[in-house]
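*Asks:*
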Amino acid sequence: MAPGEARVSRDPENLARWRVLLGRRPQLEGDTEEDARFAAATRLLDELYGTGAADGEDPTQDRSGGLGEGHAMNVPRWVDEVGELFPRAAKEVLERELVRKRGIAELLERPDILERVEPSLELVKTLLTHRDLMNEKTRGIARKIIDQVVRELKEKLTIAVEPAITGAIRRDRHSPRKVPRNLDLKTTLRRNLHHWDRKHERLLVDRLFFYAAERNKRPWHIIVAVDQSGSMLGSAIFSAVMASIFAELPAVKTSLFLFDTEIADLSDQVGQPVDVLLQVQLGGGTHIAKAVRYAGQLVREPAKTIVVLITDFYEGGPEADLIREVKFLAESGVRMVGLGALGYDARPEYHKATASKCRKVGMDVLVCTPEKLAESMATIIRG
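The opening position of the sequence shown corresponds to residue 3 in our numbering, with each subsequent residue numbered one higher.
1) Residue ranges of each alpha helix (DSSP H) run of no fewer than 4 residues wholly in the stretch 120-189, ordered along the chain?
2) Where ARG112 and THR140 are concerned, what is the direct C-alpha to C-alpha distance, given to the nearest angstrom?
3) At the level of alpha carbons, what is the spacing between LYS201 and ARG118?
4) Please report the straight-line C-alpha distance between LEU50 and LEU135, rounded to a whole angstrom.
5) Helix or strand or just coil, what does DSSP make of PHE211?
6) If you measure from the CB of HIS197, is any heavy atom of the ligand PLP nearer than 7 angstroms?
7) For LYS156, I'd like the list of residues in its chain whose CB is within less than 8 angstroms of its CB, leaving aside the five on either flank, ordered along the chain.
8) Taking the alpha helix (DSSP H) that VAL328 belongs to, which residues open and close that run?
9) Going by C-alpha to C-alpha distance, which of GLU124, ASP114, GLU108 and ALA107 sits closest to LYS93?
10) From GLU203 to ARG302, what distance separates their C-alpha atoms?
11) In the DSSP output, what is TRP198 paired with across the bridge?
12) With DSSP collapsed to three states, give me the class of GLY85.
13) Tell me which residue opens and which closes the alpha helix (DSSP H) that ASP229 is part of.
14) Would DSSP call VAL282 helix, strand or coil?
15) Looking only at its own chain, which residues have a Cβ that is under 7 angstroms from the Cβ of VAL363, when we skip the five neighbours before and after it?
16) Confirm, please, whether the CB-CB distance from ILE312 to SER257 is below 8 angstroms.
17) Can you tell which of ALA166, LYS158 and ASP114 has its C-alpha closest to the C-alpha of GLY142?
18) With DSSP collapsed to three states, give me the class of SER378.
19) What is the rounded straight-line gap between the Cα of LEU109 and the Cα of ALA43?
20) Tell me which same chain residues have a C-beta within less than 6 angstroms of the C-beta of GLY298, skipping the five on either side of it?
21) Are the beta-carbon atoms of TRP80 and LEU46 separated by less than 8 angstroms?
22) Determine the contact status of VAL163 and PRO372, defining contact as a CB-CB distance below 8 angstroms.
23) Is the CB-CB distance between VAL254 and SER241 below 8 angstroms?
24) What are the boundary residues of the beta strand (DSSP E) that includes PHE259?
25) In the DSSP output, what is GLY340 paired with across the bridge?
26) Helix or strand or just coil, what does DSSP make of LYS93?
27) Given that a residue counts as buried once 16 or more other Cβ atoms are within 10 Å of its Cβ, and exposed if not, what is GLY385?
28) If distances are taken between C-alpha atoms only, which option among ASN184, LEU185 and ARG209 comes closest to HIS196?
29) Reducing DSSP to helix, strand and coil, say where ASP347 ends up.
30) Near PRO304, what residues of its chain come up, given a Cβ to Cβ distance below 6 angstroms and the 5 sequence neighbours on each side ignored?
31) Taking the straight line between their C-alpha atoms, what separation do you get for ALA380 and ILE171?
32) What do you reckon, are the CB atoms on ILE148 and LEU279 nearer than 8 angstroms?
33) With a CB to CB cut of under 8 angstroms and the five nearest residues on each side skipped, what residues in its chain are close to VAL152?
34) Given that a residue counts as buried once 16 or more other Cβ atoms are within 10 Å of its Cβ, and exposed if not, what is ILE224?
35) Mapping DSSP to helix, strand and coil, what is ILE383?
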């Protein structure tokens, strides 16, 4: 093997990794022509990256891929073949590269391309960022993609979030009012064990037990405030999904609003995270103090209120105003959680000095996954 050459697997996913990382085709050892699948994968990557770098051209020079006008393979066909040859994870990487090299305009203007792209969180971010460039047809397809990704994300998170929070809420009183979502399954099973039918191996339930409707008595109030700064888009997606999960929990009231320099209260849409996300207006100034002050106006019982502030802590107004508002709410008994980032691979880029000052006056400042947020809130609720 000559110096500078790389020994790589013929696995298409491995080749994709090399090409994405290096922006070029590595020198391969062995005869790739005998492997039709490998050759096809190589051809698809050549369509995307071009072949000049492999033939000795300067890899630092800008090279357009092979999917331009007049080329043998068009974008829809390329997307289809990538889907057939590459695993889902590699497909998502290559499609992101396609957007980077071809630009976003074609993807947003051509529904035949958008329909073929693998739904992913990264694609949702792209669609939300550039939704104003869409025509009517692609806008409808984009909404379906966003809905699918959000629905799958919510199903995944609900499994972890719901037990963590509901398990922390003390609901030891029972009510004759039979509300299905307030069913106390554990008590129902325990109190009906003497009705166990050994012969047929089944439990005959004589009486169902339901928790009291604490939503109308002393529910916990979770207020979710989401910064619309462009850097917070990924966190905003998770925040909208989490708020919709909170809204479905018994004994929890959920408020949700977006903010920049103004407030957009979307509490009446908290159960429709897609509708919420489609109203996010990225960019512009940010008055976090105004958002905290508005959250305070929603508080009715401080000791049973949690304010979740998702922000990068870059305050557009006087920092002293923000610190004062946080301190006022914290001293009133409201539990405050500030999230510099919410997600699985979030790169937190928040103003650490301002966040530190908020922490000193009573705010918990975190960068965490949705599951970790649920655990933190459960700890607060348990006291």
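A virtual CB, placed ideally from N, CA and C, is assigned to each residue, including glycine.
*Replies:* On the basis of the coordinates in this document:
1) With a minimum length of 4 residues, the unbroken runs of alpha helix (DSSP H) contained wholly in the stretch 120-189 fall at 123-131 and 138-168.
2) Along the sequence shown, read from residue 1 onward, the residue named residue 112 stands at position 110. Along the sequence shown, read from residue 1 onward, the residue named residue 140 stands at position 138. Whole-angstrom Cα-Cα distance: 7 angstroms.
3) By 1-based counting over the sequence shown, the position of residue 201 is 199. By 1-based counting over the sequence shown, the position of residue 118 is 116. ARG118 has its alpha-carbon roughly 55 angstroms from the corresponding atom of LYS201.
4) Here residue 50 refers to the residue found at position 48 when the sequence shown is read from its first residue. Here residue 135 refers to the residue found at position 133 when the sequence shown is read from its first residue. Distance between the alpha carbons of LEU50 and LEU135: 24 angstroms.
5) Start at 1 with the first residue of the sequence shown, and residue 211 comes out as number 209. Residue state, collapsed to three classes: coil.
6) Looking for the ligand PLP in the displayed structure turns up nothing, as the structure carries no ligands at all.
7) Stepping through the sequence shown from its first residue, residue 156 is reached at position 154. Cβ contact annotation for LYS156 (same chain, cutoff 8 angstroms, sequence separation greater than five): VAL243, SER246, ILE247 and PRO275, in chain order.
8) Here residue 328 is taken as the residue at index 326 of the sequence shown, counted from 1. Per DSSP, VAL328 belongs to the alpha helix (DSSP H) from 321-334.
9) Position 91 of the sequence shown, counted from the start, is the residue given in the question as residue 93. Among GLU124, ASP114, GLU108 and ALA107, the Cα nearest to that of LYS93 is on GLU124.
10) As a working note, residue 203 is residue 201 in the sequence shown. As a working note, residue 302 is residue 300 in the sequence shown. Counting only the Cα atoms, ARG302 lies some 50 angstroms from GLU203.
11) The residue given as residue 198 occupies position 196 in the sequence shown. Beta-bridge pairing links TRP198 to LEU205.
12) Position 83 of the sequence shown, counted from the start, is the residue given in the question as residue 85. In the structure shown, GLY85 sits in a helix (DSSP, three-state: H, G or I).
13) Here the question's residue 229 lines up with position 227 in the sequence shown. For ASP229, no alpha helix (DSSP H) encloses it; the enclosing beta strand (DSSP E) starts and ends at 222-229.
14) For this step, residue 282 is matched to residue 280 along the sequence shown. Shown here, VAL282 sits in coil according to DSSP, grouped into three states, outside any helix or strand.
15) For the purposes of this step, residue 363 is identified with residue 361 of the sequence shown, where counting begins at 1. Contacts found: ILE325, VAL328, LYS329 and ALA332.
16) Working through the sequence shown from its first residue, we reach residue 257 at position 255. Working through the sequence shown from its first residue, we reach residue 312 at position 310. The answer is no: Cβ separation not under 8 angstroms.
17) To locate residue 142, count along the sequence shown from 1; it is residue 140. When C-alpha distances from GLY142 are compared across ALA166, LYS158 and ASP114, the shortest belongs to ASP114.
18) Numbered from its first residue, the sequence shown carries residue 378 at position 376. The answer is helix: DSSP assigns SER378 an H, G or I state.
19) For the purposes of this step, residue 109 is taken as the residue at position 107 of the sequence shown. For the purposes of this step, residue 43 is taken as the residue at position 41 of the sequence shown. Pairing LEU109 with ALA43, the inter-Cα distance amounts to about 22 angstroms.
20) As a first step, residue 298 must be located in the sequence shown, where it is residue number 296. Same-chain partners within the cutoff: LEU331.
21) Here residue 80 refers to the residue found at position 78 when the sequence shown is read from its first residue. Here residue 46 refers to the residue found at position 44 when the sequence shown is read from its first residue. Taking 8 angstroms as the Cβ cut-off, TRP80 and LEU46 qualify as a contacting pair.
22) Sequence index remark: in the sequence shown, residue 163 carries index 161 (1-based). Sequence index remark: in the sequence shown, residue 372 carries index 370 (1-based). Yes, they are a contact pair.
23) Working through the sequence shown from its first residue, we reach residue 254 at position 252. Working through the sequence shown from its first residue, we reach residue 241 at position 239. No.
24) In the sequence shown, counting from the first residue as 1, residue 259 sits at position 257. From DSSP, the beta strand (DSSP E) with PHE259 extends over 254-261.
25) As a first step, residue 340 must be located in the sequence shown, where it is residue number 338. DSSP lists LEU311 and VAL367 as partners of GLY340.
26) For the purposes of this step, residue 93 is taken as residue 91 along the sequence shown, with counting starting at 1. In this structure, LYS93 counts as helix in the three-state DSSP scheme.
27) For this step, residue 385 is matched to residue 383 along the sequence shown. By the Cβ neighbour-count rule, GLY385 is exposed, with fewer than 16 other Cβ atoms within 10 Å of its own.
28) Your numbering for residue 196 matches position 194 in the sequence shown. Answer by Cα proximity: ARG209.
29) Within the sequence shown, residue 347 is the residue found at index 345, counting from 1. Three-state result, ASP347: coil.
30) Walking along the sequence shown from the start, residue 304 turns up at place 302. Take PRO304, set aside five residues on each side of it, and the residues of its chain with a beta-carbon closer than 6 angstroms to its own are SER334, GLY335 and VAL336, in chain order.
31) Taking the sequence shown and counting its residues from 1, the one referred to as residue 380 is at position 378. Taking the sequence shown and counting its residues from 1, the one referred to as residue 171 is at position 169. Per the coordinates, the alpha-carbon of ALA380 lies some 8 angstroms from the alpha-carbon of ILE171.
32) Residue mapping note: residue 148 aligns to position 146 of the sequence shown, counting from 1. Residue mapping note: residue 279 aligns to position 277 of the sequence shown, counting from 1. In terms of Cβ geometry, ILE148 and LEU279 form a close pair [threshold 8 angstroms].
33) Along the sequence shown, read from residue 1 onward, the residue named residue 152 stands at position 150. Result list for VAL152: VAL126, ILE239, ALA242, VAL243, PRO275, VAL276 and LEU279, in chain order.
34) Reading the sequence shown from its first residue, position 222 is the one you call residue 224. With 16 or more other Cβ atoms within 10 Å, it is buried.
35) Your numbering for residue 383 matches position 381 in the sequence shown. Helix at ILE383.
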